[in-house]
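The structure appears right after this line, and notes come after that.
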Amino acid sequence: MTILAKHAAYRLAYDALLAHGVDPLNVRFDSILSPTEGVLNGTKTILLGTNNYLGLTFDEDCIEKAVEATREQGTGTTGSRVANGTYGGHAQLESEIADFYGRKHAMVFSTGYQANLGVLSTLVGRGDHLMLDADSHASIYDGSRLGMAEVIRFRHNNPDDLYKRLRRLEGAPGDRLIVVEGIYSMLGDTAPLKEFAHVKRETGAYLLVDEAHSLGVLGETGRGLAEAAGVEADVDFIVGTFSKSLGSVGGFCVSDNPDFDLLKIVCRPYMFTASLPPGVIASTIEALRKLRAEPKLRHDLMRNATRLYDGLGAMGFQTGPEANPIVAVTMPDQGTAGVFWKMLLEAGLYINLAIPPATPTNASLLRLSVSAAHSVQQIDQALDIFADVGRKLGFLPSDRRRAAGAL
Amino acid sequence: MRDEIAAIFEQVLGRPVAITDETDIVEDLGMDSLGVMNFVMAIEDFYDLSIPLDRVAQIQTVADLIQAVNDLRNEAAA
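Protein chains in written order, with this note's numbering: chain P, 1 to 407; chain F, 1001 to 1078.
Put into structure tokens, the structure is as follows:
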């Protein structure tokens, strides 16, 4: 027994998967060929689980900008912006992201995770009230633990439950901050943001939306769910990431709050970590320009998402509540999910195996994420593979499979 | 209050349970984290209060839970 013995329960759960010959934590790609293809154990594999929504990871202009910036400014900043200073690129990216959102202020973090840690632990403090959706991402929960505010959890996507909890706080001092996500990362469902905005107005709370999975995906110009729902004016803070639709790494927060600059001197996950390297900043700036200039990327993405979602639904698989680039197929149990996942992989399809405690409602999920870069043929190929494996595992009767094949 | 809590346990777990003050909610009742969350939310609905997450983390036994609910009610009344 070692100091890590306290985590033995996790070891047991992992060993149970390994017993099925399933090892989702040790997928080693020989190479990555494009946003939609990699080579795994010598086999060309379709990537349908990498959150690469706009497929910009291999964009030639983004690569060129990253190479150029690396040549000119070096591989890294070797420290935080507080200690080592701000590079031109950091300031430019902040100004461009603020402009994109039509906000006065923006702040760039080294990862999306740190953006949530930093912002949530700083906006509210002792005596304040942080209202979290029960299905919040780990970075939101962790951010809530880093700060001193009282944390209250409301039922997932339930504005009435939130309202009830805010009403219970009536008369108590302190600020209230509501935190919801644009698209939830496991089931691909969106928040009922209009209704949440209404609760926010009724109760005088602040509203923060994490658009990690909805930036470049939802809204007329790709700003996310707040834009799609027409409630941007009610959203006080938007947090997001560069590591999905923008194909790099990093996080951000935008706002019109007049005291926003204070965050840069009190937000520890911003101050005490190295800033993003010039190459990452440069490719992100270019990717943001592409996102703004090429709405076709979003349209292709939604075309692919709808085709995949409808195709799986037509076969009889149980999917999430709405067609979005995240498509989750619910499995009856963890073992079946693991075997299904492994057989997809062996057939040349890479997706995510999502099992408790990472999933809501303790479901075991096969989680797929679509890219604008997928061809219609790749989506159809993925559907064929799903049909094959589904039939082999007894999910689909053979006549259903033929019907699905005719899609 | 213990009877009320027992009734909520039965409603969430879908089976009869026998509890005492010393009953360990996770160990003795075999609840996973989702079960605990659903149970806490049912308790919150019943007593019309919200139990902040740091207090949830301190609750291990039925006695702890009764204490937390009473404390929160007193704070609300104060």
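We treat Cβ as the ideally placed atom computed from N, Cα and C, and that holds for glycine. This structure is a prediction, so every number in the text was calculated from the model and none was measured.
Return yes when the Cβ of residue j is within less than 9 Å of the Cβ of residue i, no when it is not.
| i | j | result |
| --- | --- | --- |
| Gly348(P) | Ile379(P) | no |
| Thr413(P) | Cys267(P) | This structure cannot speak to residue 413(P), because chain P is shown only from 1 to 407. |
| Gln114(P) | Tyr270(P) | yes |
| Lys342(P) | Val22(P) | yes |
| Phe242(P) | Val199(P) | no |
| Thr77(P) | Leu276(P) | yes |
| Ala205(P) | Cys62(P) | no |
| Phe237(P) | Leu215(P) | no |
| Asp133(P) | Asn157(P) | yes |
| Leu308(P) | Val217(P) | no |
| Gly247(P) | Thr57(P) | yes |
| Val235(P) | Leu177(P) | no |
| Asn52(P) | Thr36(P) | yes |
| Gly89(P) | Ala282(P) | yes |
| Glu220(P) | Ala226(P) | no |
| His20(P) | Val339(P) | yes |
| Gly251(P) | Gly112(P) | yes |
| Thr203(P) | Tyr163(P) | yes |
| Glu96(P) | Arg289(P) | yes |
| Met315(P) | Ala387(P) | yes |
| Ile1008(F) | Phe1046(F) | yes |
| Leu1072(F) | Ile1051(F) | yes |
Note down, in chain order, every chain F residue with its Cβ under 8 Å from the Cβ of residue i.
| i | result |
| --- | --- |
| Val151(P) | Pro1052, Leu1053 and Asp1054 |
| Ala354(P) | Under the 8 Å cutoff, chain F gives no residues; its nearest Cβ is about 14 Å from Ala354(P). |
Can you list the residues of chain P that residue i reaches, using a CB-CB cut of under 7 Å?
| i | result |
| --- | --- |
| Met1041(F) | Arg155 |
Residue i lies in the beta strand (DSSP E); which residues open and close that run?
| i | result |
| --- | --- |
| Phe29(P) | Phe29 to Ser34 |
| Lys194(P) | Run containing Lys194(P): none in the beta strand (DSSP E); it sits in the alpha helix (DSSP H), Leu193 to Thr203. |
| Ala134(P) | Ala134(P) -> no beta strand (DSSP E), and no H or E assigned at all. |
| Gly251(P) | Gly251 to Ser255 |
| Lys44(P) | Thr43 to Leu47 |
| Val329(P) | Ile326 to Met331 |
| Asp210(P) | Tyr206 to Asp210 |
| Gly1035(F) | Run containing Gly1035(F): none in the beta strand (DSSP E); it sits in the alpha helix (DSSP H), Ser1033 to Tyr1047. |
| Val370(P) | Element bounds for Val370(P): n/a, residue is neither H nor E. |
Assuming residue i contacts residue j under a Cβ cut-off of 8 Å, what Cβ separation, rounded to an integer in Å, is found between them?
| i | j | result |
| --- | --- | --- |
| Val1012(F) | Ile1025(F) | In fact, because the Cβ distance is near 11 Å, the residues do not count as touching under 8 Å. |
| Asp210(P) | Gly240(P) | 7 Å |
| Leu353(P) | Leu368(P) | That belief does not hold up - the Cβ atoms of Leu353(P) and Leu368(P) are roughly 11 Å apart, past 8 Å. |
| Val179(P) | Leu93(P) | Rounded, the Cβ-Cβ distance is 24 Å, inconsistent with contact. |
| Leu976(F) | Val151(P) | Chain F is shown from 1001 up to 1078; residue 976(F) falls before or after that span and cannot be answered. |
| Gly320(P) | Gly188(P) | 5 Å |
| Ala373(P) | Gly49(P) | Incorrect: roughly 14 Å between the Cβ atoms, too far for contact. |
| His129(P) | Gly174(P) | 6 Å |
| Ala305(P) | Ala323(P) | 6 Å |
| Val1056(F) | Val1069(F) | Actually they do not touch by this definition, with Cβ atoms about 12 Å apart. |
| Met186(P) | Thr359(P) | 5 Å |
| Arg1002(F) | Val1062(F) | 7 Å |
In the DSSP assignment, the alpha helix (DSSP H) including residue i goes from what residue to what residue?
| i | result |
| --- | --- |
| Ala354(P) | Run containing Ala354(P): none in the alpha helix (DSSP H); it sits in the beta strand (DSSP E), Asn352 to Ala354. |
| Glu170(P) | Glu170(P) -> no alpha helix (DSSP H), and no H or E assigned at all. |
| Phe237(P) | It is not in any alpha helix (DSSP H) - Phe237(P) instead sits in the beta strand (DSSP E) that spans Phe237 to Thr241. |
| Ser95(P) | Gly88 to Tyr101 |
| Thr284(P) | Pro278 to Ala293 |
| Ser144(P) | Ala138 to Leu146 |
| Asp1003(F) | Arg1002 to Leu1013 |
| Gly118(P) | Gly112 to Leu123 |
| Leu225(P) | Leu225 to Ala228 |
| Arg1073(F) | Val1062 to Ala1077 |
| Ala387(P) | Val376 to Lys392 |
| Leu17(P) | Ala8 to Ala19 |
| Leu54(P) | Unbroken run through Leu54(P): none, as it is neither H nor E. |
| Gly316(P) | Where Gly316(P) is concerned, there is no enclosing alpha helix (DSSP H), given that its DSSP letter is neither H nor E. |
| Phe340(P) | Gln334 to Glu346 |
| Arg153(P) | Taken as a continuous stretch (DSSP letters only), Arg153(P) belongs to no alpha helix (DSSP H), being part of the beta strand (DSSP E) at Glu150 to Phe154. |
Applying a beta-carbon distance threshold of less than 9 Å, which residues of chain F neighbour residue i?
| i | result |
| --- | --- |
| Pro159(P) | Here the premise fails: no neighbours, minimum Cβ distance about 15 Å. |
| Pro357(P) | Asp1032, Ser1033 and Leu1034 |
| Ala134(P) | Met1037 and Met1041 |
So with CB distances below 9 Å, who are the chain P contacts of residue i?
| i | result |
| --- | --- |
| Asp1048(F) | Lys164 and Arg168 |
Q.
Any C-beta of chain F within less than 9 Å: which residues of the region 357-375 of chain P qualify?
A. Pro357, Pro360, Thr361 and Asn362
Q. Which residues, in order along the region 165-198 of chain P, keep a beta-carbon less than 7 Å from a beta-carbon of chain F?
A. Arg165 and Arg168
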